[in-house]
Structures are given as structure tokens and as C-alpha cells.
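A short worksheet on the structure shown next.
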Amino acid sequence: MQVREVVGGKYRVLSGKDVERIHNASLQTLEKTGIEVNSRMAFQIFKERGARVDSSKRRVKIPRAMVDDAIDKAPSKVVLYGREEKHDLILENKRVYMGTGGTAINILDLKTGEKRASTLEDVEEIARLVDALENIHFYVLPVYPNELPREKVDVNRFYAGLSNTTKHVMGGPYTREGVLNVIEMAEEIVGGKEVLREKPIISFIILIISPLKIDDTYGEMLIDIAKKGIPLAIPTEPQCGSTAPVTLAGNLVLFGAETLAGVTLAQLVNPGTPVLCGYVGTTADMRTLDYVSGATEMGLLNAAAAQLAHYWQLPFYATGGMSDSKIPDVQSGYERALNLLPVALAGANFIHDAAGLIEFALTVAYEQYVIDNEIIGMVMRALRGIEINEDTLALEVIDKVGPGGNFLAESHTVSHMRSEFFFPKVSDRSNREKWLAEGGKDARQRAREIAINILATHKPLAIPCDIQAKIKPRKL
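Take the sequence shown: its letters are residues 67 to 542, numbered as in the numbering used here.
In C-alpha cells form, the structure reads like this:
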């Protein structure tokens, strides 16, 4: 049994004509302005396949026909698998899934509440926590293990994730060697190269740098991953007023140009490579030029970007549910809820950063994952909408109970009450007297207790010992 299908798409911030105009403007940007390609291999691939290039500027101008061909070759449906079938994610059309994101470098310690540098143990512990939180659908590796040397980060982070959750694991790699080691490790876990291609339990994130730049290392890693046929999210991060035009429309033009440049490169390398076009864009604070993650405009931009992805018929890696607050507080709650809901309602397929992150995506908090599990559950209930059929219209039971009656004891109530409503675990719905008698705890305190209990009791499905023995030499 797979993750329950929840579909968005009812919210449209752009008209059909708006979508076409942004699409055309993005292709015009690639054809006229072009993109800087610092990867030698990527530059050569574009050149050999007919793009106009300027070697002195590392500039590549991609013809419209090349982009159109890449969009046609990229799969409209991408399935990201978990180690357990119940966690498989079918990314197509307007199906919606929500999960973690990163990579933060700090964490609020669960015992002290103080901010500290994140470690590999945190990668493991958060994975175990997420494994038990039913509304968080996937695990994007959320924190950086600061104690490890860079060349050991990739394989250790992915192993920490894969061994502590059976949900799909995605992450941004740091070295080409790390990419290849992670792929080999995943092949060992699933039982071979072909099995991993058919049922990928891992995927990678390769960022296109705004404005209009493919980095040397990222470009080489994109090519390595595409050659292996492993799913690949290709996001871009334009910020209004700094690395993108100040207007939301101009920001979206850059998103289209940049992510489609990455999609095009992946398809030139290996036609049919499973790709997610991606967006992590937002606004800069015009008072300070700082990065902003809790802005209402971020929700608008991601909702609009979802419409563009639907137009291209490509699965969409979106961003939603972040906050600039420094702790899990009221600001954190309203910011993340209000920039997650529109993205989900727009039908974004894979909404990362929807759990755990605070403080401009620099920090995570264990209790925030528990709170976000609840927010995501509420958003999913909103997406389900209201089911209208003969049974739900309830004419028979209305007639039976009649004026002045009570529906509580009716079988119709019993049969629907568990499925019709969302039942929170963090929110307190008791009266004040009961709440005070139980300690008068706020939501953060209650979430913290839930997180502590999960980490003390939950045991994820382990990777078999013989496979662990084969993997161990690649780790520290």
C-alpha cells in the first residue's frame, strides 16, 4: 500500500496566458542571453549538440528546439521508492507529497534547547524521528555533519538516512566521488544496479546557480548522475531583488530558464533521465538584502512555478513550509502554514523544506518536525476537500433523526468519524482547567515530549547485517 493519494491544483495564481508568457520568456532568455556553463564536460556537450557557445565567456545559448526536445524526452511520471513499498511516491500530474529539506548547519539541541553545530548523529536521529511521523512523506537529508571531512560527507549522510528510515532519501551531494559511492551503496542495499534503476530508493539534488549559471562541480555531478539514470531534482534559487529581478514575474522567468537548462543537459546526456524541475526561489529583504524563507511571496512564487511545471508536464520539486523565526514559536507557525498551503493547493508534487527548518534554513529543531507533521496533516486534509455522494449527503440519517434529534449514536457517524476529520496530536483541545492540571504546556513543549518519546521507542526497519558489512568500508 502506497502513500495515500492527495491531489492539488485548485489554486491557480497565474492564468493560462500568464503561464505561456513566462514559458516563452524563459526560452527567449536561454536563446538570447544564454547561461554560463563552467563545467568543461557540460560546455562540450552543449556545443556538440548544436548550442551556440562563446568559449571566452563560457556562455551557452540554447535554442528553443533543443529545450522543447528535452522536455519531450523527460518522463512526465517519476516514482521515488522507499525501502518499504508503503512509502513509494508517484510524482505526476498534481499529486502532492511533503517532507523535509536542508542542508542546515545548526540544530536546537533536544535536551538543552540551545543552538549547536549539527552532527552525523543528528542525521540519524532526525531520520528515525521522521520514520515515525506519518504525514512526512520523504527524507531530504536535512543537516550537515560538521565533524566530518568533506570527502566523507556524502556516503555517511546517505547511509545515516537509509539505515534509519524506510522512506525515500534525497540529498545534495558534495563531491563526484561521493555521488558514485552513494550509488554503489544503494545498489548493495536493493540488490544490484538494475534493481536500483527500476526502484530508486535514493535521488540527488543539483542546483543551478542564479542568475543563469551552471557551476563546475554541480555540472559534472549532474552528468554523472544522469549517466547512471538515477532521479535528479534540478532546482534554482533566484531571489527577488538580488539574484533575480525584483518582480515576481521576472523571478519566474529566471526559474524557467535555469531549471530547463538543467533538464536539457540531463536529457542530452541520457535521454529519459528521470528529472524533477525545481524551485527554491524567494525574495530578498529589501531593507537588509538578507535571504527570506518565511515570506508570503515565497508561497506565491512556488504556486506559480507549479503551474509552469504542469505546463511542461514535468514532476515538480517545490519549496514550502519554512520560517525565519529562530525557535518553534507563533511566527514559525503562521509563516510556514501560510507559505505551505498555497503551494500544496497549486498541486506541487514534491514539497521539500516542509518540515523542521527555522532561521532562514540555517537551523532545524527536533520538536519542529513534530509540529510540522501536524501542519502537513492539516494541509493534506484541506487538499482532500469535501466528498459529495449519496452517502455523505446523509439524507437517510437526517430523515431518521429528524428535528431536535442527535446524530452521535448513529452508525453513519461511527462509519465516517475517523476518516472525515483530522485528529491532531500536538494541538490541545481540552478546556483550560484540564490544560492547567496537565501542566499548562504550550505546543512546543508538547511536541518536544512527543519527539523524545519517539526517539526513545521507535525502531526503524534495519538494513540486513550482511549488507551493512559490505557497505562499511566506504564509510568512516
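Cβ coordinates follow ideal geometry from the N, Cα and C atoms, glycine included. Note that this is a predicted model, so its numbers are computed, not measured.
Between S229 and the set K127, I255 and E476, the nearest pair of CA atoms involves I255.
Residue pairing from DSSP places G344 in a beta bridge opposite P301 and Y383. Under the DSSP assignment, K83 falls in the alpha helix (DSSP H) whose first and last residues are G82 to Q94.
By DSSP's assignment, A170 forms a beta bridge with V209.
When Cβ pairs closer than 8 Å are counted between the two stretches, the region 418–433 is seen to touch the region 191–207, the count reaching three or more. G506 and E515 have their C-alpha atoms spaced approximately 14 Å apart. Within the region 112–199, the complete alpha helix (DSSP H) segments of 4 residues or longer fall at 130–139 and 186–198, listed in chain order.
Distance from the CA of G116 to the CA of G100, rounded to the nearest whole angstrom, comes to 13 Å. The Cβ atoms of Q305 and T348 sit closer than 8 Å to each other. About 14 Å separates the CB atoms of H89 and G316; that is not less than 8 Å, and the two are not in contact.
Under the 10 Å beta carbon count, R161 is surrounded by 16 or more other beta carbons and is classified as buried. For G237, the uninterrupted beta strand (DSSP E) segment begins and ends at V235 to G237.
Taking C-beta atoms under 8 Å as the contact rule, P301 and Y210 fail to qualify, at a distance of about 18 Å. With distances taken between CA atoms, V436 lies nearest to A517 out of G451, S493, A252 and A517. Relative to L146, the option among K265, N172 and E97 whose CA is nearest is K265.
K293 sits exposed, since fewer than 16 C-beta atoms from the chains shown fall within 10 Å of its C-beta. Between V144 and M446, the C-beta spacing is not below 8 Å. Taking all protein chains shown into account, E191 has 16 or more neighbouring C-beta atoms within 10 Å of its C-beta and is therefore buried. Per the C-alpha coordinates, the member of A361, L326, E243 and R242 positioned closest to I274 is L326.
Taking 8 Å as the upper bound for CB-CB distance, A412 and Q373 are in contact here, some 7 Å apart.
Annotation for Y284: S105, I272, L273, I274 and I275 place their beta carbon closer than 8 Å to its own, counting only its chain and skipping 5 residues before and after.
By the CB criterion at 8 Å, E440 and S493 fall inside the cutoff. Relative to S359, the option among H153, G237, V329 and G399 whose CA is nearest is G399.
Out of T232, S269 and D281, the CA that lies nearest to the CA of R125 is found in D281. Sixteen is the threshold: since fewer than 16 other Cβ atoms of the shown chains lie within 10 Å of the Cβ of W501, the residue is exposed.
Exclusion of the five residues before and after S308 leaves A350 and L355 as the residues of its chain whose Cβ lies within less than 7 Å of its Cβ. When the beta-carbon positions are compared, D438 and G471 stay at least 8 Å from each other.
In this structure, L366 sits away from E102, with a CB-CB distance that is not shorter than 8 Å. Selection N455, I424, L527 and E486 evaluated against A448 yields E486 as nearest (Cα-Cα). The beta carbons of I442 and M164 sit closer together than 8 Å. For I417, the enclosing beta strand (DSSP E) begins and ends at F416 to A421. Counting the other CB atoms within 10 Å of its CB gives P239 a total of 16 or more, which places it among the buried residues. Cβ contact annotation for V79 (same chain, cutoff 8 Å, sequence separation greater than five): L366, A369, A370, Q373, P408 and A412, in chain order.
Cβ neighbours of L521 within its own chain (closer than 7 Å, five residues either side excluded): E191, R194 and L195. Sequence-distant Cβ neighbours of M107 in its own chain, meaning closer than 8 Å and more than five residues away, are G285, E286 and I289. Here V335 has I111, I289, A292 and K293 as same chain residues with Cβ atoms under 7 Å from its own Cβ, once five neighbours each way along the sequence are excluded.
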